[in-house]
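Protein chains in written order, with the numbering used here: chain A, 537 to 929; chain C, 47 to 270.
Even glycine gets a Cβ: it sits at the ideal position worked out from N, Cα and C.
Given the structure is predicted, the values throughout are model-derived calculations rather than measurements.
Presented below is the structure to which this report refers.
Right, dumping it as C-alpha cells:
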C-alpha cells in the first residue's frame, strides 16, 4: 500500500470521484425524498370539497333525498357535510302574515351565510353553534331578517309563533304552531333570501317539534337543497375512489353532478409528481454511470501499476502471488477511500440518508474491486515478452 | 557457475507470419562476457527474452549445465538463476533504491535486517553511495539507475546476467563503468554475462561475439 501512496495522483483522483459520486447521488436521493414529503404534505393539508349539483337534464333546484345523504355520509373518507333544507311557513304571531315565506334549516350557519351571501349578527349569549341547539323546552332558536324583525318589533330573546305549513291543500290552521326565539338577525347582501325568511337548525325539520310534521310534508319538502361535503385529508390519495363511490350513490337517486375542487390539489402536486417521476427514472442510470466512472478510474489506477507487475513477474514472482498482493493493497486503498468518502458525505449531507449512502458506496467499491481484479488478472496473465516489449517501447 | 547452451532454438511470435529465430545454436560459457550484435529487427532481443526466461521457444532447447529449461521452471529460473538488465533500467518507480535491491531478497524470504545489510553492500559495491539509498529511481542519473539494476542482479545471486542494450541510454563514461562492472562479474565472480547490443565497439570488448542475421546466429570467437 505504501508504494501505491507514493504515486498519489491517481488514488487522489479516484477519491475525489468517489466523493463526488456519493455526494451527488445522496443529494439526488435527498431531493426525491424531499419532493415526496412535499407532495405528502400537500395531500394531507389540502381540504377537498365536493358539491352535489343538479344534473344537466333537471331543473336547477337540487332535490337530494335523505337516504342518499345518509349513504354519502357513510362513505369512508367523507368527513364534514354542509347542507340546508327549506320549506314554506306562515307567521302567526306577533303578526299574522298572509303570504308564505321560507324557513331554511342548516347544519352550519357559516356555510349557509356564505352560500346565500348574508351577514349574521348574533344576539348576546348566542353563537353559530348554540343557535343550532333546540332545548327541551321546544322553543326553536332562529335568525330573522333584520328589517323584518324591526317591523315586527322583535329583538333578540323575543319569542314568536310560526306555522310550518305551506301546502295549499291543507288548512293552515291545522298545522301545529312552533315557538321560535330570536337568536340573531341577518342582513341580506345579495337579496337571495326573501324578507320573511327564517333560518333555523336543520334538526328542526325532522325532529319534534318539527317543520315536516307529517308524511305529506316530508314527501314534499324533505330534500337537501344544497349539499357539500369535505373529505378527510388523510384520504386525499384516494379521492378518486371516494368520488366514484359517491357518484355511484348519486346515480341511484337521480341525475346529479358531483363537482369538486380537486383541480387545486392536482395543480399543486402535479408538477412535483412529474419531477419525482423523472428523478426516479434517472436514479438507476445515473447510479450506473457514476459507478462505472469510478470503476474505470480504478482500472486506470491499476494500469498505472503495470510496470510494477511486469517487473515482479520478470523477477520471478508467481503470477497469482503478484495478483493477490496487489489486490490486497488495492482493496485496502478502496476501503480507506470509501470510509473517507462516507465521512465527507456525512458532513455535507447529514445523517438522514447515511444507510442508503453506505449501500451505494458498497456497490461502488464492490464494482471497483471487481474491475481491478479483472484488470490485474489480465496484466498478470499477459505474455511476458509482449508485456516487456510494450514497456521498452 | 552455469554454462548456457542454446540448441536449435526456433521462435515465432504469435500472429507473426514467419519465425524470428530459425535454428539458433550458441554456447554462453560461465566466467565470460558474450555479446550478440545484429541489425534492428534481427531478433537479438528475442533471443535474450528466451534466455531471460520470459517465454519458451517454439522448438529447440535451452540447456543450463546440460539440463533443459522447461516451461514449468521459468518462474523459478527468473527468480534464482537469471537477471535481466535493460536500457530502460527496469526499476520499480515507486520503491527507493534500497527497496529495489531488497526485492529479490524479500522474494527469497531473507530476514529483514540481513537483507538490508546485503542490499546495502551490493549498492556500495557498484558505487551507489548511502545518501542515494532512500531516493526514488527517478531522482538518479541514468548511470546510477543502471548500477542499481546491476546491484539488484547481485542481490538475486543470479548466475546468468542478460543485458539488453545496457549502455543504450548512457554517456561514454557511464557506459564504460557499466561494462567494467559486467566484465568484473564475469571474470571475477564466474557469472555468465550475455549482452545484446547494436554497438560493435562495445561488442568488441566482450570475450565472445555472436552475430544474428536472418534468424541465425553466427559466431566470431576471440580469446579472452
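DSSP three-state assignment for residue i, whether helix, strand or coil
i	result
residue 619/A	strand
residue 919/A	coil
residue 264/C	strand
residue 71/C	strand
residue 288/C	The shown model of chain C, from 47 to 270, leaves out residue 288/C, and the question about it has no answer.
residue 106/C	strand
residue 288/C	The shown model of chain C, from 47 to 270, leaves out residue 288/C, and the question about it has no answer.
residue 640/A	strand
residue 549/A	helix
residue 62/C	coil
residue 146/C	helix
residue 540/A	helix
residue 747/A	coil
residue 665/A	coil
residue 168/C	helix
residue 119/C	helix
residue 699/A	strand
residue 187/C	coil
residue 760/A	strand
Residues that residue i contacts on chain C, provided the C-beta gap is smaller than 7 Å
i	result
residue 542/A	140
residue 539/A	140 and 141
Straight-line gap, residue i to residue j (C-alpha atoms, nearest Å)
i	j	result
residue 557/A	residue 911/A	22 Å
residue 47/C	residue 829/A	53 Å
residue 574/A	residue 755/A	49 Å
residue 566/A	residue 898/A	18 Å
residue 61/C	residue 922/A	12 Å
residue 779/A	residue 808/A	23 Å
residue 768/A	residue 612/A	9 Å
residue 745/A	residue 714/A	7 Å
residue 686/A	residue 674/A	24 Å
residue 542/A	residue 235/C	36 Å
residue 671/A	residue 688/A	24 Å
residue 662/A	residue 622/A	22 Å
residue 559/A	residue 537/A	26 Å
residue 270/C	residue 256/C	Confidence at residue 270/C is low in this model, with a pLDDT of 37, below 50, so the placement of that residue is unreliable and no value is reported for it.
residue 133/C	residue 148/C	21 Å
residue 596/A	residue 886/A	59 Å
residue 126/C	residue 233/C	20 Å
residue 765/A	residue 600/A	13 Å
residue 136/C	residue 254/C	26 Å
residue 539/A	residue 804/A	58 Å
residue 252/C	residue 174/C	25 Å
residue 881/A	residue 835/A	24 Å
residue 789/A	residue 749/A	24 Å
residue 561/A	residue 776/A	35 Å
residue 839/A	residue 572/A	43 Å
Contacts of residue i in chain A (Cβ-Cβ under 9 Å)
i	result
residue 150/C	851 and 852
residue 121/C	849, 852, 853, 854 and 855
Partners in chain A for residue i, counting only beta-carbon separations shorter than 7 Å
i	result
residue 130/C	850
Contacts that residue i makes with chain C (C-beta to C-beta distance below 9 Å)
i	result
residue 927/A	132, 134 and 136
The ligand FMN heavy atom lying under 8 Å from the CB of residue i
i	result
residue 891/A	With respect to the ligand FMN, the structure shown offers nothing to examine, as it has no ligands at all.
Chain A residues whose Cβ lies nearer than 8 Å to that of residue i
i	result
residue 126/C	852
residue 170/C	Neighbours of residue 170/C on chain A: none; closest Cβ ~22 Å, over 8 Å.
residue 153/C	851, 852 and 853
Residue-level contact to chain D via CB, residue i, 9 Å cutoff
i	result
residue 209/C	In summary, chain D is missing from the structure at hand, where the protein chains are A and C.
Anything in the segment 836-857 of chain A with a Cβ closer than 7 Å to a Cβ of chain C? List those residues in chain order, please. 843, 844, 847, 850, 851, 852, 853 and 854
Listed from N- to C-terminal order along the chain, which residues in the segment 891-924 of chain A have their beta-carbon within a distance smaller than 9 Å of any beta-carbon of chain C? 919, 920, 921, 922, 923 and 924
The segment 821-830 of chain A contacting the segment 607-626 of chain A, beta-carbon criterion three pairs below 8 Å: no
Do three or more CB pairs link the segment 884-896 of chain A to the segment 804-820 of chain A at distances below 8 Å? no
Can at least three beta-carbon pairs, one atom from the segment 104-111 of chain C and one from the segment 55-69 of chain C, be found at a separation below 8 Å? yes
Residues in the segment 78-95 of chain C having any Cβ partner in chain A nearer than 9 Å: 91, 92 and 95
Is it a yes or a no for the segment 80-92 of chain C touching the segment 897-917 of chain A, going by three-plus beta-carbon pairs under 8 Å? no
Check distances from the C-beta atoms of the segment 800-824 of chain A to those of chain C and list, in chain order, the residues that come in under 8 Å. none
Contact between the segment 207-227 of chain C and the segment 152-167 of chain C is defined here as three or more beta-carbon pairs at a separation below 8 Å; is this criterion met? no
With contact counted as at least three CB pairs below 8 Å, one residue from each stretch, are the segment 51-58 of chain C and the segment 859-866 of chain A in contact? no
Contact between the segment 709-724 of chain A and the segment 690-699 of chain A (3+ Cβ pairs under 8 Å): yes
What residues from the segment 95-112 of chain C come within 7 Å of chain A, judged by C-beta to C-beta, listed N to C? 95, 100 and 101
Would you say the segment 645-652 of chain A touches the segment 685-692 of chain A, given that touching needs at least three Cβ pairs under 8 Å? no
Does the structure place the segment 869-882 of chain A close enough to the segment 549-563 of chain A that three or more beta carbon pairs sit under 8 Å? yes
Assess, as a yes-or-no matter, whether the segment 585-605 of chain A is touched by the segment 789-807 of chain A under the definition of 3 or more beta carbon pairs within less than 8 Å. yes
Any chance the segment 115-126 of chain C sits against the segment 165-173 of chain C, with 3 or more Cβ pairs inside 8 Å? no
Determine contact between the segment 225-245 of chain C and the segment 158-167 of chain C, defined as no fewer than three beta-carbon pairs at a distance below 8 Å. no
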